[in-house]
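>
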């Protein structure tokens, strides 16, 4: 076959065709290098994407986890009967307690050879109104007088940030909240080993605070707000979405009206969420005069936003039920409506529920429309006291609460915002896991 | 073709061995698709693989240019040599191999590009042309060889997907020969074509024999009889019989071959 | 009577109808259900639904129509010439409504008797003070005209409510009675009920249309109001964005161009990040990756798409922004002073790009997988390497679909709100420096409409004009992209 190339289309001998398969031609070397490069780009892209994910997760966890703990000062404290009587006889009773506390701590410092001077003002800036707390404790529990009691006092958020290294000495210029000298006391407390951290339940169960108290802010009330919104979304979007899907998938004749609905649904799925916010503002608040910031309004807006998602996934599950099931039902004399409601719908239900949960998860994290219906300006200081109040009274919602905190000027709120994100993501993760389990459990291959 | 004399066939079988396969085994996952096949394929000859569907003839064909590599679960064992070189050697680049062993597929699969670009694709990636004029030349010669030039010369820039089925398959053949292969593998090249297009392609195959070693997988015994000089009969992954085509069709040695040829199995 | 109560009564009538219908069906069948055309439950449901549905429809229409009707007739009473300078009919009307509500509250709290509320005159008493006593604050003194309008507003609303209650309940009872009377052995109750259910299904499906109509109407009406106060030319071609909140926004400059520029700039950066990474990731996952790598990497990447945008916003504001300042800011790692603050086009663009990666990659992945295997075989069979096959055969074949995917991603980027609100800054400017803070259409919609928005000043109304621009652009992109993708799918089907 030496003349194999003699009548090749090119009419010229082509060297590559003669080459042995066992040796790599220079041309091939170049091509293989290009191949390897191309593959590297792909690996690089995936790695970059995953690196983004890891970076994001890392910064959420690193910044958010401190929100769940608070810095506390653990003090063993003994109040004698004389001290109690003496303090109670004074005009400024809480100040007296504060003084006793100051003396006690100073003693503890001196035992350890630490020499720091401080007064009641410092204590208040670092630990809040300690005197009042002590007084009410001993008045409620007189039996504890004369015995050593362990107190856990939560430290101000600035102390916490100082300990985390986010606040440095030269940043402490505004003496209203913290003075530079106070930090010496904090250092001494660290040296004495009485500063520790404790789980902060208040963050999970508490309500939002004003701008001046970042330490006490909690996300609880807005979780309830989100919950009421999700109830509204579920109650409206599931039946409406399923009804619309059944019509489009099982009954709709092929005509202009049906086409119009189809086009509308696929376009609504891609309309920016902020536009739904405008719709909510104009229709529900401006036109229908529903209350601003109410979870009901938020729920209505999110329902409209979620409907296309639910309709699309529901139609897919209805489509996956084989026609033979419908034929079988029609064959025994069921009406079309009965065949759908008795056979097709129950078989499609797991798929529909999966789609609904994913739609709800999407709605739960949505923020932009909530900004427009007034959920952001509102400071959720209270839990709603009942179902009607939960739906109609102004409240915040988790993502809106996170935004509110992120938008405040006091950096101490940022930690709360990150912590809020962890809670939000835990909810989303749970919902998605439930959806995955549902899908695995009930997945049916026809 | 049909009027080919037995003497032609005898002459063609005298050629040297181009491909030699020994003890080839192929597994698709747990399925044993090819069982211990030995075959020598001669140069400048049309060799036909026949057999009922699922007998492994296409699988074996795809071993010859290592197209089975693209299927994750396929494993090939045994020894296949082209011009004495083991094509499954670790040093062999399947890409280089495929340039040497071209392939035409069952369904015409022109790229969604112009007719010209379809044919020029192979020469471009292999760097066969030094300039545009040479490339034009290769394209023209390939199209002429594939008997498509007269129909396509006025619309070289039209999309290849716009041609008729038979034209598309001839375009794919032109595309394959443009890379100057030494062996041309054809996997049921006429199964998607009508009788007229089939006749054109068969005529083409017979002409290609002068330049290449052609291996063709076919369902149709008549086609094998018309175009090939050697025929291999596969059954259930085994190579049952391999001999000159006229011998297989007139005097098969194995009872299974006889049953298949007389239409009792398959 | 309150609407909730009316609704409850209707529902009660429905239940009664259900029970009565079932009883009558069994009665006409002589107690044997086999004598009936349909199952008894269908007769019952028919009566129940007839009692509920028409009444609810009437109630719904009434609730929408009544305020319109009253508004129109009351505003007819107000003399056009008497409207103060700088005010408008809609402002006067909102005053009227507020006074009317105030009077309602006053009556409810017992501070005024019902007669007093309808007869009180500004000439004799200071209405503003009287209302303030019960906790209703009014901005300005109440003119006699406003008060009279408010009083007739109240009177009409009262009559309207009574009429509504009576008519709705009558409709409900009539529906119940008629359908109950019609029950016979051969009455095709199932067919009727199924028709009713069908109507409900069609109604549910029509909500999609209603939503779109709602969006368009609310945007158009408010935009129309805006263009009455502010010239459309200045809005679409103005290069300065400087809303002034004093003096009812009279001296504001509201040009959309700086916002469009910011939107475009951020979207382009986002796409520059997302498209190459997403596309290469998709190519690797669909062409090279082994099954196990694919089964891990693909869902991991898609996690990025499931994270709410507020998380990305916070990430941009608090992590990426400061990080970029450390590199490009004053005293940063590069020794340049391009960046003065954490919020910038680059910050928002980068983070938005991250968010869009899975969007591009999973759409492209689907599209690349839709390219027939025969194309790959054809190319590989000619001795092309895998990457040559991808670059020269698969990508060109998939190109229309990939372009569609990129357009969909672009429409996402343009409509994205939270990342830009938190990450891009608030200053509207036409600058080329990607490290400058800029703002976008969506961010300005948020800032113009949050807080106590007064829907009569151009500063708030401009948000609707921005909204309609955003809606039109994204809708156009979506329709075009979906069209391209569909065309592409058809090609290989």
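Residue numbers (my numbering), protein chains in the order written: chain C, 2 to 447; chain G, 14 to 279; chain D, -4 to 488.
C-beta: ideal position from N, C-alpha, C; glycine also.
#1: Go ahead and label residue 443(C) buried or exposed: buried means 16 or more other beta carbons lie within 10 angstroms of its beta carbon, across all protein chains shown.
#2: Exposed or buried, which one is residue 6(C) when buried takes at least 16 other CB atoms within 10 Å?
#3: Which runs of the alpha helix (DSSP H) fall wholly inside the stretch 353 to 388 of chain C and span at least 4 residues, in chain order?
#4: Comparing C-alpha positions only, which one of 416(C), 439(C), 437(C) sits nearest to residue 67(C)?
#5: Report the residue from 415(D), 204(D), -3(D) whose alpha carbon sits nearest the alpha carbon of residue 261(C).
#6: Could you check which residue in 79(G), 87(G), 96(G) has the C-alpha nearest to that of residue 29(G)?
#7: What does the alpha-carbon distance come out to for the pair residue 105(G) and residue 31(C)?
#8: If the cut is a Cβ gap below 8 Å, which residues of chain G does residue 28(C) touch?
#9: According to the Cβ coordinates, are residue 403(D) and residue 300(D) closer than 7 Å?
#10: Counting Cβ pairs closer than 8 Å, one from the stretch 201 to 209 of chain G and one from the stretch 141 to 148 of chain G, do we hit at least three?
#11: If you drop the 5 nearest sequence neighbours on each side, which residues of the same chain put their C-beta closer than 7 Å to that of residue 155(G)?
#12: Less than 6 Å between C-beta atoms, sequence neighbours within five positions excluded: which residues of the same chain meet that for residue 102(C)?
#13: Could you pull out every residue in the same chain whose Cβ sits closer than 6 Å to the Cβ of residue 314(D), ignoring the five residues on either side in sequence?
#14: Let's see if you can read the secondary structure: which residues bound the beta strand (DSSP E) around residue 91(G)?
#15: Compare the C-beta of residue 104(D) against all C-beta atoms of chain C and say whether one is closer than 7 Å.
#16: Could you spell out where the beta strand (DSSP E) holding residue 199(G) opens and where it closes?
#17: Taking the CB atoms as reference points, tell me whether residue 46(C) and residue 354(D) lie closer together than 7 Å.
#18: For residue 250(C), does the count of other Cβ atoms within 10 angstroms reach 16, so buried, or fall short, so exposed?
#19: Using a Cβ distance threshold of 8 Å, determine whether the stretch 459 to 473 of chain D contacts the stretch 282 to 294 of chain D, with at least three qualifying pairs required.
#20: Which residues of the stretch 369 to 402 of chain D have a Cβ closer than 8 Å to any Cβ of chain G? Give them in chain order.
#21: Going by the beta-carbon positions, is the gap between residue 412(C) and residue 380(D) smaller than 7 Å?
#22: So, for residue 299(C): in the same chain, excluding its five sequence neighbours on each side, which residues have a beta-carbon less than 7 Å away from its beta-carbon?
#23: How many Å lie between residue 28(C) and residue 73(G) at the Cα?
#24: Could you tell me whether the Cβ atoms of residue 47(G) and residue 39(G) are closer together than 7 Å?
#25: Tell me whether residue 15(C) sits in a helix, a strand or coil according to DSSP, three-state version.
#26: Cβ closer than 7 Å: which chain D residues qualify as neighbours of residue 188(G)?
#27: If you reduce the DSSP assignment to three classes, tell me which class residue 267(C) lands in.
#28: Taking 6 Å as the limit between beta carbons, can you name the residues of its chain near residue 269(G), skipping five residues before and five after?
#29: Would residue 90(G) pass as an interface residue toward chain D - the criterion being a Cβ-Cβ separation below 7 Å?
#30: Are the beta-carbon atoms of residue 418(C) and residue 8(D) separated by less than 7 Å?
#31: Which ranges would you report for the alpha helix (DSSP H) in the stretch 318 to 355 of chain C if only whole runs of at least 4 residues count?
#32: Can you give me the C-alpha to C-alpha distance between residue 16(C) and residue 265(D), rounded to a whole angstrom?
#33: Please return the same chain residues whose Cβ sits closer than 7 Å to the Cβ of residue 65(C), not counting the five positions on each side in sequence.
#34: What in chain G is Cβ-close to residue 33(C), meaning under 8 Å?
#35: Taking 7 Å as the CB-CB limit, is residue 179(G) close to chain D?
#36: Can a CB atom of chain D be found closer than 7 Å to the CB of residue 398(C)?
Looking at the coordinates:
#1: As a first step, residue 443(C) must be located in the first chain, where it is residue number 442. Result: exposed.
#2: Locating residue 6(C) in the first chain gives position 5, counting from the first residue. At residue 6(C), the pLDDT of 38 sits below 50, so the modelled position is not reliable and the matter cannot be decided from this model.
#3: 369 to 373
#4: The count along the first chain starts at 1 and reaches residue 67(C) at position 66. Of the candidates 416(C), 439(C), 437(C), the one whose C-alpha sits nearest the C-alpha of residue 67(C) is 416(C).
#5: By one-based count along the first chain, residue 261(C) stands at place 260. For residue 261(C), the nearest C-alpha among the options comes from 204(D).
#6: Counting from 1 along the second chain, the entry for residue 29(G) is found at position 16. Checking every option, the nearest Cα to that of residue 29(G) belongs to 96(G).
#7: Position 92 of the second chain, counted from the start, is the residue given in the question as residue 105(G). Position 30 of the first chain, counted from the start, is the residue given in the question as residue 31(C). Distance between the alpha carbons of residue 105(G) and residue 31(C) is about 15 Å.
#8: Translated into positions along the first chain, residue 28(C) becomes position 27. Ordered by position in chain G, the residues that pass the 8 Å Cβ test against residue 28(C) are 139, 140.
#9: Counting from one through the third chain, the residue named residue 403(D) turns up at place 408. Counting from one through the third chain, the residue named residue 300(D) turns up at place 305. Going by C-beta atoms, residue 403(D) is not nearer than 7 Å to residue 300(D).
#10: no
#11: Start at 1 with the first residue of the second chain, and residue 155(G) comes out as number 142. The residues are 132, 187, 190, 191.
#12: Residue mapping note: residue 102(C) aligns to position 101 of the first chain, counting from 1. The residues are 131.
#13: Here residue 314(D) corresponds to residue number 319 of the third chain, with the count starting at 1. Excluding positions up to five away in sequence, the list is empty.
#14: Working through the second chain from its first residue, we reach residue 91(G) at position 78. Counting along the chain, the beta strand (DSSP E) containing residue 91(G) begins and ends at 87 to 95.
#15: Stepping through the third chain from its first residue, residue 104(D) is reached at position 109. For residue 104(D), the answer is no, since every Cβ of chain C falls outside 7 Å of its Cβ.
#16: Position 186 of the second chain, counted from the first residue, corresponds to residue 199(G). Its beta strand (DSSP E) spans residues 196 to 200.
#17: The residue given as residue 46(C) occupies position 45 in the first chain. The residue given as residue 354(D) occupies position 359 in the third chain. Against a cut-off of 7 Å, the Cβ pair of residue 354(D) and residue 46(C) comes out as no contact.
#18: Counting from one through the first chain, the residue named residue 250(C) turns up at place 249. Looking at its Cβ environment, which holds 16 or more other Cβ atoms inside 10 Å, residue 250(C) is buried.
#19: no
#20: 369, 370, 371, 372, 373, 374, 375, 376, 377, 378, 379, 380, 383, 387, 388, 391, 392
#21: For the purposes of this step, residue 412(C) is taken as the residue at position 411 of the first chain. For the purposes of this step, residue 380(D) is taken as the residue at position 385 of the third chain. Not in contact: residue 412(C) and residue 380(D) (Cβ atoms no closer than 7 Å).
#22: Locating residue 299(C) in the first chain gives position 298, where the first residue counts as 1. So the list reads 230, 371, 374, 376, 398, once near-sequence residues are dropped.
#23: Numbered from 1 along the first chain, position 27 holds the residue referred to as residue 28(C). Numbered from 1 along the second chain, position 60 holds the residue referred to as residue 73(G). Going from the Cα of residue 28(C) to the Cα of residue 73(G) covers about 29 Å.
#24: Looking up residue 47(G) in the second chain gives position 34. Looking up residue 39(G) in the second chain gives position 26. Against a cut-off of 7 Å, the Cβ pair of residue 39(G) and residue 47(G) comes out as a contact.
#25: For the purposes of this step, residue 15(C) is taken as residue 14 along the first chain, with counting starting at 1. Note that residue 15(C) has pLDDT 42, beneath the 50 cutoff, so the model's placement of it is unreliable and the number below is only indicative. Coil.
#26: Against the second chain, residue 188(G) aligns to sequence position 175. Within chain D, the residues near residue 188(G) are 377.
#27: Here residue 267(C) refers to the residue found at position 266 of the first chain. Of the three classes helix, strand and coil, the one that applies to residue 267(C) here is helix, per DSSP.
#28: Taking the first residue of the second chain as position 1, residue 269(G) is located at position 256. If we look at residue 269(G) and ignore the five residues flanking it on each side, its Cβ neighbours are 248, 253.
#29: Indexing the second chain from 1 puts residue 90(G) at position 77. By this cut-off, residue 90(G) is not an interface position.
#30: For the purposes of this step, residue 418(C) is taken as the residue at position 417 of the first chain. For the purposes of this step, residue 8(D) is taken as the residue at position 13 of the third chain. Not closer than 7 Å, so no.
#31: 324 to 332, 337 to 340
#32: Reading the first chain from its first residue, position 15 is the one you call residue 16(C). Reading the third chain from its first residue, position 270 is the one you call residue 265(D). Per-residue confidence for residue 16(C) stands at a pLDDT of 42, beneath the threshold of 50, marking its modelled position as unreliable; the derived number appears in the next sentence. Computed Cα separation, rounded: 48 Å.
#33: Position 64 of the first chain holds residue 65(C). So the qualifying residues of the chain are 419, 420, 422, 423.
#34: Looking up residue 33(C) in the first chain gives position 32. By Cβ distance, chain G contributes 106, 108.
#35: On the second chain, residue 179(G) is found 166 positions in, with the first residue counted as 1. No, residue 179(G) does not count as interfacial toward chain D.
#36: Residue mapping note: residue 398(C) aligns to position 397 of the first chain, counting from 1. Chain D contact via Cβ: absent.
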